[in-house]
Amino acid sequence: MIIKNGLVFQADGSFRKMDLFVKDHKLVASQEEVTDQRVVDAEGLKVIPGLVDIHSHGAFGHDFSDADAQGLKVVLKYEKAHGITSYCPTSMTLPLEELEKIFQTAHEAGEDEEQARIVGINMEGPFLDAPKKGAHVEAYIRRPQGEFFEDCQKAAKGLIKLVTLAPNVEGAREFIREYQDKVAISLGHTAADYDCAREAMEAGAHHVTHLYNAMQPLSHREPGMIGAAIDDKECVVELISDGIHIHPCVVRATFQLFPGRVALISDSMMATGMENGTYQLGGQEVTVKDGKATLTNGTIAGSATNLYDCMRRAISFGVPEGEAILAATAVPAKSIGVFDRVGSIEPGKEADLLLVTDDLELKQVL
């Protein structure tokens, strides 16, 4: 396949008019390598990489934690239709036997050209700090333990790419040192102060779960984990730009504080793509009204927005277009070690391409 005349997104955040060549769904360097001479005319359109959502619990009436492979397939089809071509289904805090069943479904969902590609699993619980549990069930929270994680990774057949833990709980530092070269470790759901978070980052944790949410706020005297992440220049921070979790001013400021280190995420739950109503997240009842998902006590419970909409909202809030696209593609792909396959438009990579208008209205997913 040949995609002609499009404005193609570049690694520096700019666009350049050029043709693209695809063979067996891989980008290749020249037309001579193409066997399928079908032409897609992208005149007047931009071509951007398919988005990479590394933190999403579900969509369209289904949740990864339901341990339902058919339901996960529905989620994956919804995601791809909305421009998310690479996806990390994300688990909640649950007992080991339930997590093992959940992780197995990531393989049972299979691959289909209509589905987003599962590039990893995000294990958000259960190694959390109870006072900052958010929408997670406190009864299932436990301290970080290698044997527990290895049982989960075995069930996932090595697919867990990201695991969240609270650096201030017993066993956290030891876990980070033991596993930091085996899985990306994210700090989150924690009341950790600056010093505790910095020590965890120095031990090898260079990722933060949904920055600002479920952690101590940034203060001029107590900078907390947010301040620690600012100082750790290797640290990637997740950001939910849905217009509900974080004020637009703070979204803009975050891109300035963390240049090239923001990974936009959806943190979506099963109500995404659905009407107002009552849903479930990790075994708890969630009410969704006007795009806001909350537990019965008012706690925000994930989002009801997909990553593509989060990216466009970030741009509408004043984030430069190129930075927002990189934050939804290359940055998250790099953070979980899959940038060799996805996240940019380069020969040798998956031909996950989106045709969009000048203002990023999605026209076609290739």
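Residue 208 in the UniProt record's numbering sits at position 208 of the sequence shown; the count goes up by one each step and never skips.
We treat Cβ as the ideally placed atom computed from N, Cα and C, and that holds for glycine.
Glu-138 is positioned such that its CB atom lies no closer than 7 Å to that of Thr-164.
Close CB contacts of Gln-153 within its chain, under the 6 Å cut and outside five residues either way in sequence, are with Ile-160 (chain order).
In this structure, DSSP gives Tyr-212 a state outside helix and strand, which the three-state scheme calls coil. Our two residues, Glu-234 and Ala-166, have alpha carbons roughly 18 Å apart in a direct line. Judged by DSSP secondary structure, Met-311 falls within the alpha helix (DSSP H) whose first and last residues are 307-316.
In the structure shown, Cys-249 adopts helical secondary structure according to DSSP, grouped into three states.
If only complete runs of 4 or more residues are kept, the stretch 91-130 shows the alpha helix (DSSP H) at 96-108, in order along the chain.
DSSP, reduced to helix, strand and coil, places Ser-303 within a strand of the structure shown. DSSP assignment within the stretch 176-208 yields the following whole alpha helix (DSSP H) runs of 4 residues or more, N-terminal first: 194-203. Of the other Cβ atoms in all chains shown, 16 or more fall within 10 Å of the Cβ of Lys-334; this residue is therefore buried. A contact is defined here as three or more CB-CB pairs under 8 Å, and the stretch 283-291 fails this definition with respect to the stretch 310-321. Taking Lys-132 as the centre and dropping the five residues before and after it, the same chain places the C-beta of His-189, Thr-190, Ala-191 and Ala-214 closer than 6 Å to its C-beta, in chain order. Residue pairing for Tyr-279: DSSP places it in a beta bridge opposite Val-286.
DSSP places Glu-238 within a strand segment (E or B) once states are collapsed to three. Exclusion of the five residues before and after Lys-77 leaves Glu-114 and Gln-115 as the residues of its chain whose Cβ lies within less than 6 Å of its Cβ. Contact check between the stretch 9-18 and the stretch 82-97: fewer than three CB pairs, one atom from each, fall below 8 Å, which does not count as touching. In this structure, the CA atom of His-245 is about 44 Å from the CA atom of Ser-30.
Under the three-state reduction of DSSP, Leu-366 is assigned to coil, being neither helix nor strand. The C-alpha of Ala-197 is placed about 23 Å away from the C-alpha of Thr-90. Spanning the alpha carbons of Ala-271 and Glu-33 requires a straight line of approximately 43 Å. In this chain, the alpha helix (DSSP H) harbouring Lys-80 covers 69-81.
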